[in-house]
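So the working numbering is basically just the index in the sequence shown, starting at one, shifted up by 720.
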Amino acid sequence: MLSLAALTLGVGVTAGSAHAAAPAPVQGADFSACPALSELPEGADPGDWRCEAMTAVGHLTLGRIDQSLDKGMAITFAEGTANGEFRQVFGAMTAAPVRVRGTWLEITPRYAGYFDFQSNDQRRGELNLKFGVSGPAVPSGCSIGTDADPVRLVLKETAASTVVSQDPLVVAFGVADSRFTAPRTSGCGRLGPVLDTVLRMPSPAGANSLALDARVGLRGYGEAGAAVSSASGLISGISR
Numbered sequence: 721m722l723s724l725a726a727l728t729l730g731v732g733v734t735a736g737s738a739h740a741a742a743p744a745p746v747q748g749a750d751f752s753a754c755p756a757l758s759e760l761p762e763g764a765d766p767g768d769w770r771c772e773a774m775t776a777v778g779h780l781t782l783g784r785i786d787q788s789l790d791k792g793m794a795i796t797f798a799e800g801t802a803n804g805e806f807r808q809v810f811g812a813m814t815a816a817p818v819r820v821r822g823t824w825l826e827i828t829p830r831y832a833g834y835f836d837f838q839s840n841d842q843r844r845g846e847l848n849l850k851f852g853v854s855g856p857a858v859p860s861g862c863s864i865g866t867d868a869d870p871v872r873l874v875l876k877e878t879a880a881s882t883v884v885s886q887d888p889l890v891v892a893f894g895v896a897d898s899r900f901t902a903p904r905t906s907g908c909g910r911l912g913p914v915l916d917t918v919l920r921m922p923s924p925a926g927a928n929s930l931a932l933d934a935r936v937g938l939r940g941y942g943e944a945g946a947a948v949s950s951a952s953g954l955i956s957g958i959s960r
């Protein structure tokens with residue numbers, strides 16, 4: 721089993737604050753991962769549904785990890801009504817690996833089985849994540865959080881929605897959560913205790929934060945490529 725020293729680059733190296741991430745791109749919203757019409761709930765009228773393609777950059781603090789998410793992540797989902805009820809269908813999430821400063825490790829944010837982006841007065845949305853861990857001798861499937869025991873985010877608005885593009889319709893906003901907890905690593909075999917020490921897991925509420933600068937492109941299902949709603953109706957909040 722690898723020692724703590726084998727995973728770190730040097731004694732006493734700690735994660736420092738990273739520079740602020742660059743703004744998420746406005747142009748080129750990618751709708752290729754939108755759920756197909758066949759994946760919408762029974763009774764869904766395509767004219768009442770839209771796909772939302774979100775890209776975001778920001779900053780993550782998670783135990784020892786204190787890194788800019790400057791390579792960004794993308795989340796795609798659909799929302800609308802079926803039989804008079806508001807519904808959402810997840811599409812896909814992708815994110816680039818992030819090197820944990822001062823170690824040979826990388827983490828990759830991944831979807832952990834639950835989301836709710838219908839906003840209200842208390843939160844902008846909820847999202848469960850897990851963070852894949854990779855590095856020397858780290859087994860496949862090693863992660864911080866799992867679908868059964870995820871990192872649960874309750875995202876609060878930090879910057880109000882503004883329209884930044886009309887074709888495609890793109891809305892920008894900011895969200896953050898600084899109250900979530902993170903569990904011990906899972907699926908890491910005998911390396912688990914070493915990784916917990918290196919990454920300082922589990923990590924309690926108050927020691928973690930995620931802040932995102934997000935852009936969401938919107939497209940209706942009623943007509944291919946058609947924008948949905950008017951811009952004025954969206955500024956008050958995506959998925960409200």
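Glycine included, every Cβ here is placed at the ideal spot set by N, Cα and C.
If you're wondering where the values come from, they're calculated on a predicted model, not measured in any experiment.
Is it true that the CB of residue j sits closer than 8 Å to the CB of residue i?
i, j, result
"Leu825", "Gly855", "yes"
"Val895", "Thr878", "yes"
"Ala832", "Asp867", "yes"
"Phe751", "Arg935", "no"
"Ala931", "Gly778", "yes"
"Ala816", "Gly852", "no"
"Ala756", "Ala812", "no"
Roughly how many angstroms separate the alpha carbons of residue i and residue j, rounded to a whole number?
i, j, result
"Leu889", "Glu799", "16 Å"
"Asp836", "Leu789", "22 Å"
"Thr901", "Trp769", "34 Å"
"Ser923", "Leu780", "13 Å"
"Asn803", "Gly845", "23 Å"
"Gln808", "Ile785", "32 Å"
"Lys876", "Glu762", "32 Å"
"Arg819", "Gly783", "14 Å"
"Phe797", "Tyr834", "12 Å"
"Ser906", "Arg843", "29 Å"
"Gln747", "Ser885", "With a pLDDT of only 49 at Gln747, under the threshold of 50, the placement of this residue in the model should not be trusted; the figure read from the coordinates follows. When rounded, the distance between both Cα atoms is 8 Å."
"Leu915", "Pro859", "12 Å"
"Ala927", "Met921", "11 Å"
Return helix, strand or coil for residue i, following the three-state DSSP convention.
i, result
"Val918", "helix"
"Pro755", "coil"
"Gly783", "coil"
"Pro829", "strand"
"Asp768", "helix"
"Ser854", "strand"
"Asp836", "strand"
"Ser773", "Correcting the residue type first, residue 773 is Ala in the shown sequence and not Ser. It is a strand residue."
Would you decide whether residue i is buried or exposed? Buried here means 16 or more other CB atoms lie within 10 Å of its CB.
i, result
"Ser839", "buried"
"Arg910", "exposed"
"Ala764", "buried"
Along the chain, which unbroken stretches of the alpha helix (DSSP H) at least 4 residues long are found entirely within the stretch 860–934?
912–919
For a minimum of 3 consecutive residues, which ranges assigned as the beta strand (DSSP E) are wholly contained in the stretch 787–821?
805–815
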